[in-house]
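> So for the first sequence, the numbering used here puts the first residue at 654; every next one is plus one. Ideal placement from N, C-alpha and C gives every residue a C-beta, glycine not left out. One structure follows; several queries about it will come next.
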Amino acid sequence: MPELPEVETVRRGLSSATLGATVSAVTVRDRRLRWAIARDFEASLIGNSINSIERRSKYLLFRLGEKTLLAHLGMTGSFVALPTQNLPAVKAHDHVDIVLDSGITLRYNDPRRFGSMHVFSGDDMAQPLLKHLGPEPLTAALTGEHLFEVTRRRSCAVKLALMDNSVVVGVGNIYANESLFRAGIHPSRAANRVSLARYETLASEIKAVLSEAIAAGGSTLRDFVNASGEPGYFQLDYFVYGRDGEACRRCEAPLKLTRHGGRATVYCRSCQR
DNA sequence: CTGTTCTCCTGTGGGC
DNA sequence: TGCCCACAGGAGAACA
């Protein structure tokens with residue numbers, strides 16, 4: 654399940670494998686991603702060179718001259734850079750191949766097809782999928798003050814606010830759980846009942862946990878580029894995520910499980926208030 | 001605006 | 001061993 658650190662790791666891996674190369678062919682085996690891949694998708698990519706690969710939220714933006722390929726990995730999507738001369742047999746869910754003139758083929762696999770791919774021209778901010786996004790967590794744009802300001806009229810659980818992409822991007826279920834634990838904030842607390850000081854702690858814990866995950870993900874970067882298949886993401890040692898019923902790493906009390914918007918929330922009743 | 005629920009999809013794992 | 005089914009989960013869409 655790619656969260657922001659995984660998407661960033663993918664971005665770095667693909668960048669070193671593809672920058673400067675030109676798209677020579679595109680094969681789409683299944684157009685049914687979250688939104689159907691457009692009919693002119695293949696033609697719009699062929700002949701363009703990859704100038705850079707950027708990331709916004711969990712979207713990858715491949716810059717190809719005037720055009721941008723906007724891709725989301727959804728829940729189960731993966732991009733792998735493979736040698737075109739020695740391409741592995743097509744497996745189930747290998748939906749898209751992007752063949753580059755450098756001898757590399759980018760292969761997109763996505764069993765659940767929650768991912769997406771679009772090609773667009775022009776300003777990013779004209780894109781409906783991008784224009785409502787909140788600040789990037791690993792930039793100066795995310796501050797405790799920002800979190801405080803945008804939650805003044807929100808009575809929903811602070812955890813739900815954190816996972817709202819208009820508040821801040823890139824904080825999925827795992828990192829919402831982890832950052833709230835690290836900040837000592839109860840996930841069910843109303844977003845507008847968290848103090849500025851505590852939002853400042855929360856903002857710095859979000860940055861810390863995401864940075865640590867990227868540092869850990871970076872260790873698998875070489876495997877990814879060599880790409881005989883499995884990305885093999887590093888699993889961080891979580892404080893709470895997936896540990897309900899187990900002992901809190903700080904106070905030993907058993908961790909509790911609850912739900913917010915259908916998503917599992919794990920927290921410590923004594924460490925989080 | 002805010003909040004809530006629905007939806008997409010398939011692999012996995014628990015229960016029997 | 002095999003079958004059934006809940007569950008996982010990002011995030012847009014639709015609706016109250």
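1. In whole angstroms, what is the alpha-carbon distance linking residue 664 and residue 700?
2. How long is the line joining the alpha carbons of residue 821 and residue 892, rounded to whole angstroms?
3. Determine the contact status of residue 769 and residue 687, defining contact as a CB-CB distance below 8 Å.
4. Sort out for me which residues DSSP pairs residue 769 with in a bridge.
5. Does the distance from the CB of residue 914 to the CB of residue 813 come in under 8 Å?
6. Buried or exposed: which applies to residue 669, given that a residue is buried once 16 or more other Cβ atoms fall within 10 Å of its Cβ?
7. Are the CB atoms of residue 823 and residue 710 within a distance shorter than 8 Å?
8. Is it the case that the Cβ atoms of residue 727 and residue 682 are separated by a distance below 8 Å?
9. Report the rounded CA-to-CA distance for residue 843 versus residue 810, giving the unit in angstroms.
10. Thinking just about the alpha-carbon of each residue, which of 697, 854 and 680 is nearest to the one in residue 773?
11. For the pair the segment 735-753 and the segment 774-781, tell me if three or more CB-CB distances fall below 8 Å.
12. Helix, strand or coil: how does DSSP classify residue 717 here?
13. If residue 757 sits next to residue 737, beta carbons under 8 Å apart, how far is it from one beta carbon to the other, in whole angstroms?
14. Taking the alpha-carbon of residue 762 as reference, which of 793, 775 and 733 has the nearest alpha-carbon?
15. Suppose contacts are defined by Cβ-Cβ distances below 8 Å. Is residue 703 in contact with residue 714 by that definition?
16. So, is residue 724 buried or exposed, given that buried needs 16 or more other C-beta atoms within 10 angstroms?
17. In the segment 735-784, which residue ranges form an unbroken beta strand (DSSP E) of at least 3 residues, counting only runs that do not cross its ends?
18. State buried or exposed for residue 880, treating a residue as buried only when at least 16 other CB atoms are found within 10 Å of its CB.
19. In whole angstroms, what is the alpha-carbon distance linking residue 895 and residue 837?
20. Could you spell out the range, first to last residue, of the beta strand (DSSP E) harbouring residue 812?
21. Just grab the DSSP bridge partners of residue 839 for me.
22. Can you tell me the Cβ-Cβ gap for residue 919 and residue 830, rounded? I've got them flagged as a contact below 8 Å.
By the coordinates alone:
1. Locating residue 664 in the first sequence gives position 11, where the first residue counts as 1. Locating residue 700 in the first sequence gives position 47, where the first residue counts as 1. C-alpha separation (whole angstroms): 21 Å.
2. Your numbering for residue 821 matches position 168 in the first sequence. Your numbering for residue 892 matches position 239 in the first sequence. Cα to Cα, the separation comes out at about 22 Å.
3. Here residue 769 is taken as the residue at index 116 of the first sequence, counted from 1. Here residue 687 is taken as the residue at index 34 of the first sequence, counted from 1. At the C-beta level, residue 769 and residue 687 come within 8 Å of one another.
4. As a working mapping, residue 769 is identified with position 116 in the first sequence. Answer is 725.
5. For the purposes of this step, residue 914 is taken as residue 261 along the first sequence, with counting starting at 1. For the purposes of this step, residue 813 is taken as residue 160 along the first sequence, with counting starting at 1. Their beta carbons are under 8 Å apart, which means residue 914 touches residue 813 by this criterion.
6. By one-based count along the first sequence, residue 669 stands at place 16. The C-beta of residue 669 has fewer than 16 other C-beta atoms within 10 Å across all chains shown, which makes the residue exposed.
7. As a working mapping, residue 710 is identified with position 57 in the first sequence. As a working mapping, residue 823 is identified with position 170 in the first sequence. Closer than 8 Å, so yes.
8. As a first step, residue 727 must be located in the first sequence, where it is residue number 74. As a first step, residue 682 must be located in the first sequence, where it is residue number 29. In this structure, residue 682 does not lie closer than 8 Å to residue 727 by Cβ.
9. For the purposes of this step, residue 843 is taken as residue 190 along the first sequence, with counting starting at 1. For the purposes of this step, residue 810 is taken as residue 157 along the first sequence, with counting starting at 1. If I take the Cα positions, the gap works out to 5 Å.
10. Start at 1 with the first residue of the first sequence, and residue 773 comes out as number 120. Cα-wise, what sits closest to residue 773 is 697.
11. Between the segment 735-753 and the segment 774-781, the count of C-beta pairs closer than 8 Å stays below three; the two stretches do not touch.
12. Against the first sequence, residue 717 aligns to sequence position 64. Here residue 717 sits in strand by DSSP.
13. Against the first sequence, residue 757 aligns to sequence position 104. Against the first sequence, residue 737 aligns to sequence position 84. 6 Å between Cβ atoms; contact.
14. On the first sequence, position 109 is the one that residue 762 refers to. Ranking 793, 775 and 733 by Cα distance to residue 762 puts 733 first.
15. Here residue 703 is taken as the residue at index 50 of the first sequence, counted from 1. Here residue 714 is taken as the residue at index 61 of the first sequence, counted from 1. No, these two residues do not count as a Cβ contact at 8 Å.
16. Counting from 1 along the first sequence, the entry for residue 724 is found at position 71. Buried is the call here.
17. Whole beta strand (DSSP E) segments, 3+ residues: 747-753, 757-762 and 769-774.
18. On the first sequence, position 227 is the one that residue 880 refers to. Residue placement at residue 880 is poorly supported in this model, since its pLDDT is 39, which falls under 50; the coordinates still yield a value, given next. A residue is called buried once 16 or more other Cβ atoms fall within 10 Å of its Cβ, and residue 880 is buried on that count.
19. In the first sequence, the residue the question calls residue 895 occupies position 242. In the first sequence, the residue the question calls residue 837 occupies position 184. About 18 Å.
20. The count along the first sequence starts at 1 and reaches residue 812 at position 159. Taken as a continuous stretch (DSSP letters only), residue 812 belongs to no beta strand (DSSP E), being part of the alpha helix (DSSP H) at 811-815.
21. For the purposes of this step, residue 839 is taken as the residue at position 186 of the first sequence. DSSP output for residue 839 lists no bridge partner at all.
22. If you number the first sequence from 1, residue 919 lands on position 266. If you number the first sequence from 1, residue 830 lands on position 177. Confirmed, Cβ separation roughly 6 Å.
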